[in-house]
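Visitor: Submitted below is the structure of interest, expressed as structure tokens.
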DNA sequence: ATGGCTTCATAGTGAAGA
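Numbering (my numbering), first residue to last: 52 to 307.
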């Protein structure tokens with residue numbers, strides 16, 4: 052089972068890239084973030100034509116998440132239960148016995164702002180919910196744009212970023228709290244090249260200079276992690292015309 | 001040194017992203 056996550060920064064703009072990537076890579080599951088489309092504008096027909104069933108939860112202009120799957124999606128859940136939130140940032144479904152949770156974690160804008168406190172509150176609610184969700188579904192994968200670079204090695208210039216948004220200690224603590232639930236960072240299960248990132252600013256030719264951050268992650272429950280045989284970041288789509296600023300992250304699971 | 005781009009909502013420019 053090949054699972055992947057990609058913040059595509061507007062599905063409207065990026066649909067051709069998504070279709071090309073699906074055709075070339077044939078993932079079983081692709082989680083999308085920042086679709087930026089209300090549900091009545093979701094390009095369902097095109098994705099079904101490509102062989103994917105879809106669950107989606109979107110809104111105009113901001114946020115929006117979706118799960119594309121070759122197999123049927125069961126028990127679709129939108130949002131964090133008992134957490135009141137207008138913003139469409141969470142969708143979950145069970146696919147071939149694996150609970151897939153797709154998240155677009157708030158950006159937080161800058162430390163100590165209202166958006167930052169919302170981010171921390173949101174992460175706390177997510178973690179509390181996942182603790183339950185993992186009891187109900189031991190085989191769980193949490194994929195998405197976490198907007199957190201867990202360690203300094205996930206940042207191109209840790210000194211310049213020290214204490215800032217995406218790397219601050221409270222954010223990293225929140226990431227570790229997810230790990231304490233028994234979730235494993237699939238990317239770090241394997242040897243990886245230094246300076247591996249998943250996001251590069253559109254400005255300042257950041258991609259060409261590899262000035263990036265690793266903020267998109269696949270976390271696997273400890274029941275699932277032993278079945279993971281590979282995890283990588285695909286930089287190829289970032290090289291295209293009009294790319295998303297994020298690259299897809301892909302994990303392979305060898306399930307019985 | 002600073003801001004540097006892209007998207008969306010608009011119909012000028014501004015907000016937001018990370």
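Note that the Cβ used here is the ideal one computed from N, Cα and C, for glycine as well.
1) Name, in chain order, the residues that DSSP records as bridge partners for residue 104.
2) Can you list, in chain order, the residues of its chain whose CB lies under 6 Å from that of residue 280, leaving out five sequence neighbours each side?
3) Can the beta-carbon of residue 249 be found less than 8 Å from the beta-carbon of residue 300?
4) Do the region 68-84 and the region 285-294 meet, that is, are 3 or more Cβ pairs less than 8 Å apart?
5) Using only the alpha-carbon positions, how far apart do residue 151 and residue 191 sit?
6) In the DSSP assignment, what are the bridge partners of residue 86?
7) Am I right that residue 253 and residue 226 are in contact with their C-beta atoms under 8 Å? What's the rounded C-beta distance?
8) Who are residue 263's beta bridge partners in DSSP?
9) Under 8 Å: do the region 76-91 and the region 194-212 share three or more Cβ pairs, one atom per stretch?
10) Near residue 283, what residues of its chain come up, given a Cβ to Cβ distance below 6 Å and the 5 sequence neighbours on each side ignored?
11) Go ahead and label residue 241 buried or exposed: buried means 16 or more other beta carbons lie within 10 angstroms of its beta carbon, across all protein chains shown.
12) Classify residue 63 as buried or exposed, calling it buried when 16 or more other Cβ atoms lie within 10 Å of its own Cβ.
13) State the Cα-Cα distance for the pair residue 215 and residue 60, rounded to the nearest angstrom.
14) Spatial neighbours of residue 219 within its chain, please: CB distance less than 7 Å, with the 5 preceding and 5 following residues excluded, ordered by chain position.
15) Nearest CA to the CA of residue 285: which residue from 244, 217 and 93?
16) Assuming residue 196 is part of the beta strand (DSSP E), what are its boundary residues?
17) Going by beta-carbon coordinates alone, are residue 106 and residue 73 separated by less than 8 Å?
18) Any idea which residues DSSP pairs residue 145 with across the strands?
Guide: Inspection of the coordinates gives the following:
1) As a first step, residue 104 is located in the first chain; it is residue number 53 there, counting from the start. Residue 104 is bridged to 120.
2) Your numbering for residue 280 matches position 229 in the first chain. Once the five neighbours on either side are set aside, the close Cβ partners of residue 280 are 303 and 305.
3) Working through the first chain from its first residue, we reach residue 249 at position 198. Working through the first chain from its first residue, we reach residue 300 at position 249. Result yes, Cβ atoms of residue 249 and residue 300 sit closer than 8 Å.
4) yes
5) Position 100 of the first chain, counted from the first residue, corresponds to residue 151. Position 140 of the first chain, counted from the first residue, corresponds to residue 191. Those two C-alpha atoms are separated by around 6 Å.
6) What you label residue 86 is simply residue 35 of the first chain in a count that begins at 1. Partner(s): none; residue 86 has no beta bridge.
7) Position 202 of the first chain, counted from the first residue, corresponds to residue 253. Position 175 of the first chain, counted from the first residue, corresponds to residue 226. No, residue 253 and residue 226 are not in contact; Cβ-Cβ is about 25 Å, not under 8 Å.
8) Taking the first residue of the first chain as position 1, residue 263 is located at position 212. DSSP lists 251 as partners of residue 263.
9) yes
10) Residue 283 sits at position 232 when you count from the first residue of the first chain. Excluding sequence neighbours, residue 283 sits near 301.
11) In the first chain, the residue the question calls residue 241 occupies position 190. The residue in question, residue 241, is exposed, as its Cβ has fewer than 16 Cβ neighbours within 10 Å.
12) Indexing the first chain from 1 puts residue 63 at position 12. It counts as exposed.
13) In the first chain, counting from the first residue as 1, residue 215 sits at position 164. In the first chain, counting from the first residue as 1, residue 60 sits at position 9. Each residue's alpha carbon lies about 22 Å from the other.
14) As a position in the first chain, residue 219 is number 168, starting the count at 1. Correct list, in chain order: 162.
15) Counting from one through the first chain, the residue named residue 285 turns up at place 234. Selected option, being the one with the closest Cα: 244.
16) Residue mapping note: residue 196 aligns to position 145 of the first chain, counting from 1. Run containing residue 196: 191-196, per the beta strand (DSSP E) assignment.
17) Taking the first residue of the first chain as 1, we reach residue 106 at position 55. Taking the first residue of the first chain as 1, we reach residue 73 at position 22. Against a cut-off of 8 Å, the Cβ pair of residue 73 and residue 106 comes out as no contact.
18) As a position in the first chain, residue 145 is number 94, starting the count at 1. Paired residues: 125 and 150.
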